[in-house]
Structure formats: structure tokens, C-alpha cells
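Sequence lines, in order, name chains A and B. Read in order, the letters of the first sequence correspond to residues -7 to 337 in my numbering. Read in order, the letters of the second sequence correspond to residues -7 to 337 in my numbering. The structure appears below as C-alpha cells.
Protein chains: 2
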Amino acid sequence: MAEITIKDIAKQCGVGISTVSRALNNHPDINPETRKRILEVIEETGFIPNNSARNLKRTDARCIAVLVKGITNPFFSNMIRIIEEETQRNKYALVLRHVEAQEDEIDVALELEKEKRLRGIVFLGGTFDHSEEKINKLKVPFIFSTVGIPSTECIDVSKIIFSNIAVDDRLESKRMTDYLLDLGHRKIALITERSELPIGRLRTEGYRKAYDERGLSVPEELICYVQEDIDHYSMENGYLTAKKLLASGREVTAIYAVSDSLAIGACRAVLEAGKRIPEDISVAGYDGIEMGEYYNPKLTTIKQPVEEIAKKTIRLLLDVIAERREHQQIVFPAQLIERESTGPC
Amino acid sequence: MAEITIKDIAKQCGVGISTVSRALNNHPDINPETRKRILEVIEETGFIPNNSARNLKRTDARCIAVLVKGITNPFFSNMIRIIEEETQRNKYALVLRHVEAQEDEIDVALELEKEKRLRGIVFLGGTFDHSEEKINKLKVPFIFSTVGIPSTECIDVSKIIFSNIAVDDRLESKRMTDYLLDLGHRKIALITERSELPIGRLRTEGYRKAYDERGLSVPEELICYVQEDIDHYSMENGYLTAKKLLASGREVTAIYAVSDSLAIGACRAVLEAGKRIPEDISVAGYDGIEMGEYYNPKLTTIKQPVEEIAKKTIRLLLDVIAERREHQQIVFPAQLIERESTGPC
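Okay, here's the thing in C-alpha cells:
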């Protein structure tokens, strides 16, 4: 049997070669029905598209690594999905690597870099506190996404060798605290990470700043740190931390947790203590995960534009790899979403 | 400067070479303090461990692909994390590939297989309904994990060229329906996928079987199918499907959704309709995701032993790759967890 060509497929389907090509390349400009039919014919005939084979050889040579700190946090699963889709559309393979809380992500990246086909790295979550020297060791383009960066003021722009995309954690966290203060709350408990870790630190700074600006003193005894030995941003950790706080007998009228997962865990602890949300205690989160919309009560939160951040992250990285664009520092605005879990003091 | 060796590091840290090696290989038998100190010295000296370089070359040559259908389902994120950890520990790279609901995962796998360093494939979720001919095209060892398989009776054991690990979806779904029938419910709405898709089909069969065995007729008008055009197992889909059901005015005393995400969405719809859970309507799910424990009310569910399944999946695959073991068909038992969202009719 003569080898089947793309022309044969096009003829058999009654379409042009370019349509077959679009079907093979998952191009958006094709009728899904047509695409399905073409793929069926390809399947029947056993045709191996040259083009696809060529792309695959290229795939063979190129991959993007995504290093995630806090992989079980639902905040990241949506981001990973979007990054994966976009990576795939651009014929790169995606290598996923989970970074432990105590691991240094740059070390992990340096290891991965010895992989010769690696073309770029995305860091999701984690720390920005790396020495310039260490960061300079990385040879492929990389991008920090949703990593708390102290502030772009500290960065010498002339030396920027990476991109960074995130919301302004300090500002957004202050916004949430201001909102609770405006509702009349003064005894606002904060559930956060130990201050060495940047996301926790920045969000804690925003909380303090809101009190400071009004000349109110920060209720230090209500700043609660999550357990170090389990996932920092898990529902379990929010639950355990809030439970301890409530058991302490300290007066509290609102709980603000620096992630929605923590806030949902905290809600569970409040409900188990026989308190109503928000009548007895208001609860607010941060991130804007889907769960918050379905929780009972619906969760007030700071919604990060996660889809936009993820898309921008991967597109910018691909542009930098292709030398179509320079590295950039991008700050996205977040949004305070008021739902059922917060109310007046 | 002479090249720094592992001996120099050991000497400088005052430990043996094997301790340095353990630190480098993330071996569990090492004091975390010691490990930290060794890694600091390594960092300072800029020492590049040969051993690690060698491992990395090996990593360069081997990877495992994970193909996930329904990547945003929180049920999978935990599994991916465990598979990733275990893969890494065994010096393989993990390639993650998201498979669209309408994509054929075997086609995707056949594409990935042209990647010469691929050593094995894990299919998470999705379909088992592939022709033998097609499955035979795959050359590397592969394993279906948490994929609904009609039943091992249908499989000719002499021809098994893959492994399969899952719970018995039909049996476990019948268990949940029996539980609700035992509580006195007869008007049990089912939220499921269209019957061509195996997980939905098997769980629907279990539901029907429970009614059948008691000589009760299945309330066909209460079998609700999720929307095809959005994620099948999302909270949003559960919410929209339950909302439509409740708006229809059909009498219903319990809702059983074939995943926890769907069930949580359904809870939101029930609450918005001004009904109480479980006093007016009981709601039950399937999977046992962490969220169910923190939801208000806590969700009654069928808990799949997800960690055991994930560990067994990757270990078995690595064993098959290393030819230490033959392919196996493994059925794990699940567990009905009774929580607050269900009660007597």
C-alpha cells in the first residue's frame, strides 16, 4: 500500500489540505464537527501526519518546567491547567515539579536546568528571597508568578533577568483589613504564615498598615501563625489554627485568613464552636478560589485574577524565550468580593 | 583552584562522605540540621556533586507521563502530588498532560510516545472504552488509575498488557444508594454524566441496581445529567444541574451526586432554594475530597483511598518498567463516610 498522505485525507473528507492541517494542529478556526470527522478518517486510515511528526520531534527538544510550592492549594490547580494548555498549544512539553515548603526552588531549578531541553521555568508560589548571585546562576529565562515580591522599588531594573507577575499583596491585604475596620471590627484575628515567608509577611504587613494608618494599635495577641509541620495553606491548618485561637478565650469579632483554604478551615472551627458566621464572627479569605462561591456561607475574599495571571505568565515566558520581548515586572489589581461571611461588628 | 570534591565537603562539615551523599540524595536517614548545614557548605563552595550530575543525566533519559482527564477536579490534585513525589524519588521526570473531555487519551499517549525518553504512562480519570487494537499500539508500560472499568470479568486476563487500579464504582455507588434507601428516601435524584462515559455510567448502574434489588422502580425523572459544555465534575455543574432540578418542581428528598465537587455545587443550589440540608433534602457525594470535611454541612460521601491508589499506581508502574513485576488488576475498597449532609427521610 502506498503511503497515505495529507492530500488523501483532505480528498476523502472533501476539505482542503489546510483544513486537515488545522484539525491536526488543534487550530481554533475549524468547525468542531469537521475536525472530529477529519480525525476519524485519520484514525481509520492510520495516517501519520508528517507535520505532527515534525512537531513532535520539536517537542522532543523543548520543555517548560513549572515549579510549584503548595501544589495541593486549589489556587494553583487552575493556574497549572491554564499554563499546561498554553504550553501544549505552543508545542512545548510541560514538566511539573513540586517543591517542598523547606526546599529552595532555585536549587531545584538549577538541577532541572541540566536537562538540556529545558527552555524556560515558571515558579508558582514560594519565595523571592534569593540572593542575586544565586539567581544569576540560572541560564534559561524564568518567571515568578504569584510569588510575593517585597516591592519593585527594591529591584534594580537595569539588572532584571527575570519576569515577575503578581498582585500587590501588601496593598490588597490592607484593602481587606480596611474593609473589616470599616465594618466596625477592631478585634480582627489574622491567620498567617511565619513572617520569614514572603506571602505571609506581605499580607501581614498590609494588615498592620491598615491599623497603623488609622492610629489604632494592632492587636498583637490576635496574630496567629499556622502550624509549620503541615501544608501551610491547607483547610486543615486554618481549622487547627482557628480552633486554638477560639479555645484561648481571646475576644475576636472577625477572622481574616491570608488564603481562602485557611479561611474555609477557620469557618469550620467557628461553626464547631457554636458561633454563627457572620453574626458572631466574620470570616474573610484571600485568593478567590472557586470554593469560596459555593461554601456556606459564601466567602468574602480578595480575588486574584488567576486566569489572566496564568495566561500572561506563560505567554510572556514564551515571548522571552523566542526573544520577542524583554522581561517585565507586572502587577495585576485584585478585587475585594464581599459575600455572606462578613458583616458589621 | 583545584576542583572541590565530596571529600572536601565532608571534611569541612566534619561528617563522613556517606552523610554528604545522604544529604544530596534527600535520604530520610539524616538529621535535618546536618543536612541543612551540608547544603549550605555546598552552596558556599559551589561544589557540583558528581553523583547528582550522574543522576541528572539519567533523569535526562527517563520520564513518566501522567495524562489527566478533569485536571481541575480536586480529587486529582492530591493524586498528582503523590505520583510526582514518588516519580521524583525514583529519578524520573514527570510530564503532565491535561486531556480534554472530548480528546481520546490513547491518541494523546501515542503522540507522547514518540518522545524517546518516555518510560511509562499513567492515565488518571477518563475512559477505558478503547479498542484492543488501539491499546496494543502503545509500546511503553501503562496503567489506568481511577478509570472506571466495566468489570474485570470482561477482560481476557491472558492478554493483559496494562495495569488497572480503581475502586469498584458500580458496587460503591450501589452502597451509597442503599444507604439513602435505608434512610427511607425513595425520591433520590442522581446527578451524573451522560451514560456513554464510564465513570458516570458505572455509578449510575450502581444507583439503578440498588432500586432494582429491592423491587422498587427507578425514578427516571430524577436522573439528571450534567451540562456537557463545561467541566463535568465541577462545583458549577453540580450547582446548575441541581438548580434546574429544583426549579422543575419534581419532588425530591435526597440528591446523590457522583462526585463531591458536584455535590457541593448541589448543596449551594439547595440552600439558595431556601431548603435545609439534611432536614428538607439530604445531599451525598462520591470521592472523599478534603473539602467535604470542611463544608457546612459536612458532606456524606464514598471515600476513595486516594493516597493508597496513587502510591500503588506509581510504584506498580515503576516495578513493571523495571521488569520486577507483571501487570495487575487491582480493586481497592472504598468507604461510606456518613457526615452531616444526610439524614432520615
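We put the beta carbon where it would ideally sit given N, CA and C, even for glycine.
query: What's the gap between the Cα of Glu332 (chain A) and the Cα of Val132 (chain B)?; result: 52 Å
query: Excluding the 5 residues preceding and the 5 following Ile183 (chain B) in the sequence, name in chain order all residues of the same chain whose CB lies nearer than 7 Å to its CB.; result: Cys216, Val218, Gly230, Thr233, Ala234, Ile247, Ala249, Val250, Leu254, Ala258
query: Quick one: list the residues of chain A neighbouring Cys259 (chain B), beta-carbon separation under 8 Å, in chain order.; result: Tyr286, Asn288
query: Beta carbons nearer than 7 Å to chain B: which residues of the segment 274 to 285 of chain A have them?; result: Glu282, Met283
query: Does the separation of the CB atoms of Glu97 (chain B) and Phe68 (chain B) fall below 8 Å?; result: no
query: Taking the beta carbon of Asp221 (chain B) as the centre, do at least 16 other beta carbons fall within 10 Å, making it buried, or is it exposed?; result: exposed
query: Once you ignore the five residues that flank Ile322 (chain A) on each side, which residues in its own chain have a CB closer than 6 Å to its CB?; result: Ile157
query: State whether the segment 73 to 81 of chain B contacts the segment 117 to 127 of chain B, with contact taken as three or more CB pairs (one from each stretch) at a distance under 8 Å.; result: no
query: On the criterion of 16 or more Cβ atoms from any shown chain inside 10 Å, does Gln296 (chain A) qualify as buried, or is it exposed?; result: buried
query: Buried or exposed for Ala101 (chain B), please, with buried defined as at least 16 other CB atoms from any protein chain shown within 10 angstroms of its CB.; result: buried
query: At the level of alpha carbons, what is the spacing between Pro325 (chain B) and Asp160 (chain B)?; result: 7 Å
query: Under 8 Å, do Met227 (chain A) and Glu282 (chain B) count as touching if we go by C-beta distance?; result: yes
query: Counting only beta-carbon separations shorter than 8 Å, does Met227 (chain A) have a partner in chain B?; result: yes
query: Please tell me whether Glu76 (chain B) has its Cβ less than 8 Å away from any Cβ of chain A.; result: yes
query: Can you give the beta carbon distance from Val275 (chain B) to Thr196 (chain B), rounded, assuming they're within the 8 Å contact cut?; result: About 17 Å; that fails the 8 Å criterion.
query: Taking 8 Å as the threshold (beta carbon to beta carbon), is Arg307 (chain B) in contact with chain A?; result: no
query: Measuring CA to CA, which of B:Leu263, B:Ile56, B:Ile1 is closest to Glu32 (chain B)?; result: B:Ile1
query: So with Cβ pairs under 8 Å, would you call Ser137 (chain A) a contact of chain B?; result: no
query: In its own chain, which residues sit with a C-beta less than 6 Å from the C-beta of Lys267 (chain A), not counting the 5 before and 5 after it?; result: Ile273
query: Under a three-way DSSP split, which group does Thr196 (chain B) fall into?; result: helix
query: Nearest CA to the CA of Glu103 (chain B): which residue from B:Leu59, B:Gln320, B:Ala93?; result: B:Leu59
query: What does the alpha-carbon distance come out to for the pair Thr11 (chain A) and Gln4 (chain A)?; result: 12 Å
query: Going along the chain, which residues of the segment 205 to 223 of chain A sit with their C-beta nearer than 8 Å to a C-beta in chain B?; result: none
query: Let's test the definition: count the other Cβ atoms within 10 Å of the Cβ of Thr(-3) (chain A) and tell me whether it reaches 16, buried, or not, exposed.; result: exposed
query: Measure the alpha-carbon distance for Ser209 (chain B) versus His177 (chain B) and round it to whole angstroms.; result: 13 Å
query: Quick one: using the 10 Å Cβ neighbour count with 16 as the cut-off for buried, is Gly8 (chain B) buried or exposed?; result: exposed
query: Looking at the unbroken beta strand (DSSP E) that takes in Leu116 (chain A), where does it start and where does it end?; result: 110 to 116
query: Please report how far the alpha carbon of Asn128 (chain B) lies from the alpha carbon of Phe154 (chain B), in whole angstroms.; result: 10 Å
query: Using CA atoms only, rank isn't needed, just tell me which of B:Ile152, B:Arg109, B:Ala57, B:Gly112 is closest to Glu124 (chain B).; result: B:Ile152
query: So the candidates are A:Glu164, A:Pro66, A:Glu205; which of them puts its Cα closest to the Cα of Arg193 (chain A)?; result: A:Glu164
query: For Tyr171 (chain A), which residues from the same chain have a beta carbon less than 7 Å from its beta carbon, with the 5 sequence-adjacent residues on both sides left out?; result: Leu328
query: Counting only the same chain and skipping the five closest in sequence on each side, list residues whose C-beta sits under 7 Å from that of Glu105 (chain B).; result: Leu130, Lys131, Val132
query: In angstroms with no decimal places, state the Cα-to-Cα distance between Pro211 (chain B) and Asn70 (chain A).; result: 36 Å
query: Please state if the CB of Val262 (chain A) and the CB of Ala85 (chain B) are separated by a distance shorter than 8 Å.; result: no
query: Output the distance between the C-alpha atoms of Leu48 (chain A) and Asp21 (chain A), rounded to the nearest integer angstrom.; result: With a pLDDT of only 38 at Leu48 (chain A), under the threshold of 50, the placement of this residue in the model should not be trusted, and no figure is reported.
query: Are the C-beta atoms of Ser412 (chain B) and some chain A residue less than 8 Å apart?; result: The requested residue 412 (chain B) does not occur in the structure, where chain B is confined to residues -7 to 337.
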